[in-house]
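S.K.:
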Amino acid sequence: MNRIFVYLFCLISLLLCAVETLAGEERSEPLPDGLSEQTQLCVLCHRKYTPGIVDDWLTSRHSKITPEIALSKPVLERRISSEVIPESLRSVVVGCYECHGQNPSAHKDNFDHFGFKINVVVSPNDCKTCHPTEADQYSVSKKANALDILQKNPLYHTFVETIPGLKEVKGDKITLLKASEYTKAETCYACHGTLVTVNGMKKVSTEIGVIEVPALTNWPNQGVGRINPDGSRGACTPCHARHSFSIEIARKPYTCSQCHLEPDVPAFNVYQESKHGNIFFSKQYEWNWNNVPWRIGKDFKAPTCATCHNSLITTSDGKVVVSRTHDFGSRLWVRIFGLIYSHPQPKDGRTYLIKNKDGLPIPTAFTGEPASEYLIDKNEQLLRQAEMKKICQCCHNSDWVNLHFSKFDSTIAETDKMSLVATQLLLKAWNEGLADPSNPFDEMIEHKWMKQWFFYANSIRYASAMGGSDYASFKNGWWYLTTNLEEMLDLIQTQKERK
Amino acid sequence: MNRIFVYLFCLISLLLCAVETLAGEERSEPLPDGLSEQTQLCVLCHRKYTPGIVDDWLTSRHSKITPEIALSKPVLERRISSEVIPESLRSVVVGCYECHGQNPSAHKDNFDHFGFKINVVVSPNDCKTCHPTEADQYSVSKKANALDILQKNPLYHTFVETIPGLKEVKGDKITLLKASEYTKAETCYACHGTLVTVNGMKKVSTEIGVIEVPALTNWPNQGVGRINPDGSRGACTPCHARHSFSIEIARKPYTCSQCHLEPDVPAFNVYQESKHGNIFFSKQYEWNWNNVPWRIGKDFKAPTCATCHNSLITTSDGKVVVSRTHDFGSRLWVRIFGLIYSHPQPKDGRTYLIKNKDGLPIPTAFTGEPASEYLIDKNEQLLRQAEMKKICQCCHNSDWVNLHFSKFDSTIAETDKMSLVATQLLLKAWNEGLADPSNPFDEMIEHKWMKQWFFYANSIRYASAMGGSDYASFKNGWWYLTTNLEEMLDLIQTQKERK
Amino acid sequence: MNRIFVYLFCLISLLLCAVETLAGEERSEPLPDGLSEQTQLCVLCHRKYTPGIVDDWLTSRHSKITPEIALSKPVLERRISSEVIPESLRSVVVGCYECHGQNPSAHKDNFDHFGFKINVVVSPNDCKTCHPTEADQYSVSKKANALDILQKNPLYHTFVETIPGLKEVKGDKITLLKASEYTKAETCYACHGTLVTVNGMKKVSTEIGVIEVPALTNWPNQGVGRINPDGSRGACTPCHARHSFSIEIARKPYTCSQCHLEPDVPAFNVYQESKHGNIFFSKQYEWNWNNVPWRIGKDFKAPTCATCHNSLITTSDGKVVVSRTHDFGSRLWVRIFGLIYSHPQPKDGRTYLIKNKDGLPIPTAFTGEPASEYLIDKNEQLLRQAEMKKICQCCHNSDWVNLHFSKFDSTIAETDKMSLVATQLLLKAWNEGLADPSNPFDEMIEHKWMKQWFFYANSIRYASAMGGSDYASFKNGWWYLTTNLEEMLDLIQTQKERK
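Chains as they are written, first to last, in our numbering: chain A, 327 to 825; chain B, 327 to 825; chain C, 327 to 825.
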């Protein structure tokens with residue numbers, strides 16, 4: 327750090343503040359204790375130039391608790407998982423510099439910012455200093471690999487280049503142009519993440535004059551599988567919104583609703599119309615959203631997404647029901663988001679490694695057979711189901727829970743059958759030359775086929791899992807599973823007549 | 327009750343608790359006063375094995391107020407409608423055993439549970455002990471008959487077996503397989519209710535070992551027309567969620583949203599975008615959701631579903647505006663949920679008794695004539711409308727209210743006309759052999775016809791009734807009412823050409 | 327005012343009250359101080375006959391603060407913009423009579439109501455007495471002209487008469503009947519406003535007997551462009567809901583959601599799934615919704631619609647970020663609600679004055695060229711963009727903000743291209759006689775064309791602007807932009823074959 331520059335800057339800043347105060351402007355509130363020297367300087371300036379995030383951070387736990395204090399809590403109440411916090415961070419609160427100054431040498435986006443070495447993008451690898459268990463769990467999840475999953479899987483890659491790509495019409499044909507990086511960034515990659523690299527430096531005109539900053543590609547982005555300038559995969563901010571990093575926000579279903587929405591993944595929508603959702607929406611303002619561990623029946627009365635999928639849950643007596651996990655699929659045995667059909671959860675978050683029996687990089691064959699060697703086995707499935715049932719059984723008796731999952735199993739089987747019927751029609755169309763299989767995502771019959779499993783079969787399975795009957799019935803449910811088949815048949819007939 | 331078993335069980339439980347306490351586990355909070363001896367024993371065990379519902383119940387009024395105290399309130403403030411509570415229940419709070427131990431001889435699902443005679447399913451007939459007026463009103467409503475309505479009406483029964491049924495494709499035809507009980511249970515019957523019967527006993531493996539419980543069919547289910555193992559019809563829990571039985575939850579529109587959703591019954595969706603909904607969503611957290619009676623302007627500022635459709639409403643001065651009802655159609659004059667067309671409300675909740683002029687079990691003929699002898703007459707319609715207007719008039723002047731309903735009347739007439747146009751097209755298709763009338767719910771032209779009245783005409787009427795203009799316009803409104811007609815015409819033309 | 331009548335009325339009212347009190351009815355709470363003599367009399371009666379609005383008003387700032395006190399606040403904290411309040415209004419709170427008694431001679435809906443000269447409809451011109459800046463800004467906005475925009479633009483007028491109009495089928499053609507005033511009032515005009523005129527007097531039967539009131543046309547209505555009986559344009563109540571006139575309600579996105587909804591204007595829907603929406607829905611109950619000025623980071627942590635589009639925003643130190651505006655387009659440079667294509671904001675709220683290069687009253691030609699002379703120039707666009715960026719920069723750095731808007735610009739261009747492709751197909755259909763251009767809104771191919779720009783291209787632009795990726799992808803986004811093109815092509819082919 328260029329000390330002379332810093333002192334110079336401080337001097338100028340303080341001078342400016344003094345001038346403004348004399349000029350009659352309101353004075354800022356005093357800063358809380360425990361800020362590092364560097365963070366004090368960050369805040370001194372940024373409370374003027376990005377005041378919203380400074381104020382937001384001031385409401386955070388990060389701004390109030392040092393890692394030392396955090397570590398003094400009983401293990402179950404701890405919010406950090408490292409036992410060994412670097413000396414320089416132990417006794418200061420977690421401020422601007424503590425996060426944006428981490429691991430500068432690993433960060434291609436590190437730059438000199440008024441004498442400080444600052445990273446633009448804070449990555450999971452930076453958060454890992456205090457939260458290593460969470461970062462490690464996350465790093466092997468499908469979420470952390472979400473961008474690779476789209477880019478390294480040729481089939482999904484074709485999909486990404488096809489749907490959001492510009493189209494032209496030539497004669498009676500649609501011609502596909504390449505999808506732009508911008509459009510991919512705000513469709514698929516908005517949730518899956520972008521590849522953020524550094525393309526040298528650039529000048530930006532700001533309120534305090536022109537400054538030089540790293541020129542980032544595909545930025546801004548907050549997708550869960552973002553590849554960061556330090557080479558790490560993932561982002562914590564999609565769920566832990568900056569700069570309050572509020573556990574309340576992460577625990578509320580609105581967070582998940584940023585991506586897990588109808589028509590393809592209607593998790594939030596189904597929750598919204600479920601009994602659990604009804605109770606949540608009615609009573610949320612009275613619950614304790616900040617307690618760690620999170621006590622069922624005491625802190626909350628009905629589960630949110632986080633309850634079942636990742637939070638540390640205890641009873642009101644402090645008995646652990648399930649441990650915290652940041653590998654979000656790790657409590658799941660079946661993947662109801664069918665590709666093409668539902669299937670046991672993949673063993674590895676890097677699903678692009680999968681090959682099905684036909685050599686395609688998808689977890690089931692077109693005719694339904696799972697690519698079993700890449701998927702968890704029966705034993706692991708049962709273990710995970712037993713783990714999940716523990717949560718249900720905090721409120722529901724064992725018989726109730728078993729029967730719920732029996733119904734769910736039946737629905738999985740039936741919806742897969744309905745996807746198979748549609749796939750058989752598609753195969754027929756391909757075989758009879760009515761459509762071209764070279765790109766399976768660019769023709770009318772293919773789009774109808776996709777709707778069958780991607781929109782409708784999926785919706786019904788989410789509805790079955792979480793008890794939202796409308797999505798099983800008239801809203802992307804059996805009604806559409808049925809009428810879509812009709813439309814496929816009708817289209818095939820028309821195309822045959824045309825031939 | 328087998329006293330020896332009970333004492334033995336208590337001893338063991340207490341011993342276990344002691345052991346756990348000595349082993350260093352946290353102690354439970356003390357129980358509130360007023361629990362019956364039996365409920366104390368239930369809670370002793372269930373706070374370990376289903377702690378969520380015990381904690382939820384502990385927040386309920388049931389856990390705090392005895393019927394005796396409940397009866398000491400002024401009549402308008404009472405939450406129970408019986409004047410004569412059985413001696414054994416008068417002075418204890420309403421706990422596990424007080425509900426799950428009611429009327430054991432009537433309950434085919436009663437079983438010996440550690441020495442107690444317990445019913446798995448608490449039915450409206452059990453709640454009736456303290457809430458007889460509500461149970462009686464409910465029992466004659468369409469809601470209580472909601473399962474019979476689907477099963478005893480051959481037309482609706484065909485619908486239920488057709489839409490959520492598995493389909494196969496043979497040649498260029500779709501073959502319909504029977505809908506499974508599981509799928510019906512999570513589509514139609516999720517809201518309408520299932521037939522819950524007892525099929526002997528079965529062993530269930532639980533945390534405390536294998537126990538024997540009644541083997542229930544079509545369980546779990548919380549549909550409003552559930553037929554219970556004691557022979558009663560209905561369920562209170564769809565709206566009065568277990569085990570807080572919170573009046574706040576019942577009064578909030580999220581409860582109704584579990585079933586009354588687009589595309590067929592978009593009541594919640596329309597409310598959400600209405601002025602009333604806007605005010606509710608903005609200010610709900612400041613209102614008094616628990617007061618009985620519920621005072622307009624004082625406890626709440628804008629109506630929710632419950633306000634207009636069933637709550638006891640008074641002014642802030644205590645003047646009764648409308649009385650409480652649990653026959654949810656009883657304040658309604660017209661049924662805007664068209665079957666096929668809107669029509670005066672049925673006289674009897676058992677709508678499967680209706681025969682229209684063509685002998686079909688629906689309240690209007692295909693050509694629109696109402697089955698008037700089964701429907702309330704003009705006089706009753708006017709009485710009910712006058713009752714509803716009283717609620718509107720708490721905030722809106724008489725002229726405003728009259729004009730609102732004049733517009734509504736016009737919309738009812740217009741949307742019925744648009745349903746008639748579609749029906750005429752369907753009849754034409756049937757007459758010309760383009761479709762087969764034997765099952766009116768299994769062909770493309772029939773599905774488009776259904777959308778006209780079931781999705782679009784309905785949506786517009788709900789939008790008109792409650793002031794949500796988007797559902798009258800572009801979201802399942804006139805836009806679709808118009809384009810769907812085009813599609814019907816186009817399909818008929820294609821099918822003619824194919825013939 | 328007929329004094330004798332008033333005194334007589336008071337006497338009778340008080341007598342009635344006395345009788346009721348003696349009869350044992352509950353007594354009303356005492357009224358707050360500061361009510362005018364007239365308002366006291368209004369309330370005396372209306373707390374019996376429309377108690378809900380009286381109670382609602384009693385919670386309002388209007389019922390508690392006199393203009394005199396309001397004016398004593400520092401300028402930035404003021405909620406009224408007039409410096410000169412008429413003497414008669416200065417020292418009384420803003421009650422029934424203060425609003426409904428304004429400018430009686432201008433009001434065709436003024437009538438004698440128990441001795442008072444009362445206007446039924448309170449108009450922006452009445453609110454202007456205390457809020458002149460807001461009324462003036464509003465009066466030149468597109469909102470204030472929203473009804474004229476539909477009625478004076480022949481193209482939009484055709485649209486309004488076509489979509490919500492009754493249809494008949496004659497042979498294989500759909501015949502269009504005229505849309506009824508009632509239906510227009512609850513579809514297009516529900517948001518755009520109706521023409522409210524006075525058609526003499528009429529008798530209305532009320533709880534206190536038959537009274538005479540003005541016979542209003544197209545009433546009730548709360549559209550933003552309502553033309554009022556005093557000749558003024560607009561309505562304040564769509565956002566400032568009666569009779570609390572709560573700034574909290576106006577600032578929350580539920581208010582905007584009354585009109586700005588999918589599929590055509592999915593502003594609320596996109597917000598709901600955005601990061602900003604997530605934070606709002608999670609934390610709204612802790613924010614300060616009533617503070618003026620509204621302090622970013624202090625009173626609220628994430629923007630709502632009002633933050634970016636019209637509120638006065640300061641930092642927590644009191645520095646003004648943006649000034650308040652009630653011309654809701656005035657911070658916008660581009661209009662992403664395409665007609666047909668996105669385009670620079672119109673200079674004048676009266677957009678019916680626009681003529682494009684083909685002489686059509688729309689801001690872009692069918693082939694995309696903007697009607698530039700009616701639209702703001704590049705310089706003004708940049709000024710407005712800079713203004714908006716100031717708000718973003720309260721939390722986001724300059725580079726982040728610039729990159730966000732670069733992506734947005736790209737999306738605007740791409741979606742316009744996708745609208746152009748659809749328009750070229752429509753033009754082809756018209757040219758080849760497959761459809762009739764005389765009414766561009768009444769045929770199947772035209773409806774599909776409309777969906778392309780009105781539903782899908784719009785949705786993607788809103789999604790891009792506010793960061794809601796689902797509306798850019800599968801929910802009315804690129805998926806539909808793509809499949810809709812296919813359907814247009816398919817339809818054209820079918821129609822050619824039929825020819």
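Glycine included, every Cβ here is placed at the ideal spot set by N, Cα and C.
Taking C-beta pairs closer than 8 angstroms, name the residues in chain C that residue 726/B reaches, listed in chain order.
M.R.: 545, 546
S.K.: Determine, using beta carbons only, whether residue 377/A and residue 641/C come nearer to each other than 7 angstroms.
M.R.: yes
S.K.: Excluding five sequence neighbours on each side, which residues of the same chain lie with their C-beta closer than 7 angstroms to the C-beta of residue 727/B?
M.R.: 715, 718, 719
S.K.: For residue 534/B, does the count of other Cβ atoms within 10 angstroms reach 16, so buried, or fall short, so exposed?
M.R.: exposed
S.K.: How many Å lie between residue 511/A and residue 538/A at the Cα?
M.R.: 24 angstroms
S.K.: Is the distance from the Cβ of residue 788/B to the Cβ of residue 807/B below 7 angstroms?
M.R.: Note that the C-beta distance between residue 788/B and residue 807/B is not below 7 angstroms.
S.K.: Within the 7 angstroms Cβ cut-off, does residue 796/B reach chain C?
M.R.: yes
S.K.: Mapping DSSP to helix, strand and coil, what is residue 783/B?
M.R.: helix
S.K.: Per DSSP, which residues does residue 535/A bridge with? Please list them.
M.R.: Residue pairing for residue 535/A: DSSP places it in a beta bridge opposite 532/A.
S.K.: If you draw a straight line from the C-alpha of residue 562/A to the C-alpha of residue 549/A, how long is it?
M.R.: 9 angstroms
S.K.: Are there 16 or more other CB atoms within 10 angstroms of the CB of residue 359/A, so buried, or fewer, so exposed?
M.R.: exposed
S.K.: At what residue ranges does the stretch 541-628 of chain A contain a whole run of the beta strand (DSSP E), taking only runs of 3 or more?
M.R.: none
S.K.: Are any of the Cβ atoms in chain A nearer than 7 angstroms to that of residue 464/C?
M.R.: No Cβ of chain A is located within less than 7 angstroms of the beta carbon of residue 464/C.
S.K.: In this structure, does DSSP put residue 353/C in helix, strand or coil?
M.R.: Bear in mind that a pLDDT of 49 at residue 353/C, under 50, signals an unreliable position, so the number given afterwards is only what the model happens to contain. Note: residue 353/C maps to coil in three-state DSSP.
S.K.: Reducing DSSP to helix, strand and coil, say where residue 762/C ends up.
M.R.: coil
S.K.: Round the Cβ separation of residue 379/B and residue 368/A to the nearest angstrom and send it over; I've been treating them as touching at under 8 angstroms.
M.R.: In this structure, residue 379/B and residue 368/A do not form a Cβ contact; the two beta carbons are roughly 49 angstroms apart against a cut-off of 8 angstroms.
S.K.: Going by Cα to Cα distance, which pick from 792/A, 704/A, 810/A is closest to residue 745/A?
M.R.: 810/A
S.K.: Out of 609/C, 457/C, 419/C, 478/C, which has the shortest C-alpha to C-alpha gap to residue 394/C?
M.R.: Residue 394/C has its Cα closest to that of 419/C, out of 609/C, 457/C, 419/C, 478/C.
S.K.: Flag residue 815/B as yes if its beta-carbon sits less than 7 angstroms from any beta-carbon of chain C, otherwise no.
M.R.: yes
S.K.: So is residue 729/B in contact with chain C if we call contact Cβ pairs under 7 angstroms?
M.R.: Yes, residue 729/B counts as interfacial toward chain C.
S.K.: Please classify residue 742/B as buried or exposed, where buried requires at least 16 other C-beta atoms within 10 Å of its C-beta.
M.R.: buried
S.K.: Of all the CB atoms in chain C, is at least one closer than 7 angstroms to the CB of residue 675/B?
M.R.: no
S.K.: With 8 angstroms as the C-beta to C-beta threshold (strictly closer), list the residues of the stretch 567-589 of chain A near chain C in chain order.
M.R.: Correct list: 567, 570, 572, 574, 575, 578, 580, 581, 583, 584, 585, 587, 588, 589.
S.K.: With DSSP run on the structure shown, which of helix, strand or coil describes residue 443/A?
M.R.: Under the three-state reduction of DSSP, residue 443/A is assigned to strand.
S.K.: Below 8 angstroms on the Cβ atoms is my guess for residue 830/A versus residue 500/C; work out the distance and round it to an integer in Å.
M.R.: What is shown of chain A runs 327 to 825, which leaves residue 830/A out entirely.
S.K.: At 7 angstroms on the CB atoms, spell out the chain B contacts of residue 693/A, in chain order.
M.R.: Near residue 693/A there are no residues of chain B at all, since even the closest Cβ is about 15 angstroms away, more than 7 angstroms.
S.K.: Report yes or no: is there a C-beta of chain C within less than 7 angstroms of the C-beta of residue 484/B?
M.R.: Not closer than 7 angstroms to any Cβ of chain C, the Cβ of residue 484/B fails to qualify, so no.
S.K.: Looking at chain B, is there any beta carbon in it that lies within less than 7 angstroms of the beta carbon of residue 347/C?
M.R.: Note that residue 347/C has pLDDT 39, beneath the 50 cutoff, so the model's placement of it is unreliable and no number is given.
S.K.: Got a sec? Which residues, its chain only, sit under 6 angstroms from residue 619/B by beta carbon, not counting five neighbours each side?
M.R.: 402, 638, 640
S.K.: Quick check on residue 623/C - is its C-beta less than 7 angstroms from some C-beta in chain A?
M.R.: yes
S.K.: DSSP beta-bridge partners for residue 521/C?
M.R.: Answer is 553/C.
S.K.: Does residue 494/C come out as helix, strand or coil in the three-state DSSP assignment?
M.R.: strand
S.K.: Report the residue ranges of all beta strand (DSSP E) runs contained in full by the stretch 414-464 of chain A; include only those spanning at least 3 residues, in chain order.
M.R.: 436-439, 442-445
S.K.: Rounded to whole angstroms, what is the Cα-Cα separation between residue 776/A and residue 797/A?
M.R.: 17 angstroms
S.K.: Can you determine whether any heavy atom of the ligand COA sits closer than 6 angstroms to the C-beta of residue 371/B, and answer yes or no?
M.R.: As far as ligands go, the structure on display features none, and thus does not contain the ligand COA.
S.K.: In this structure, what does DSSP give as the bridge partners for residue 701/C?
M.R.: 672/C
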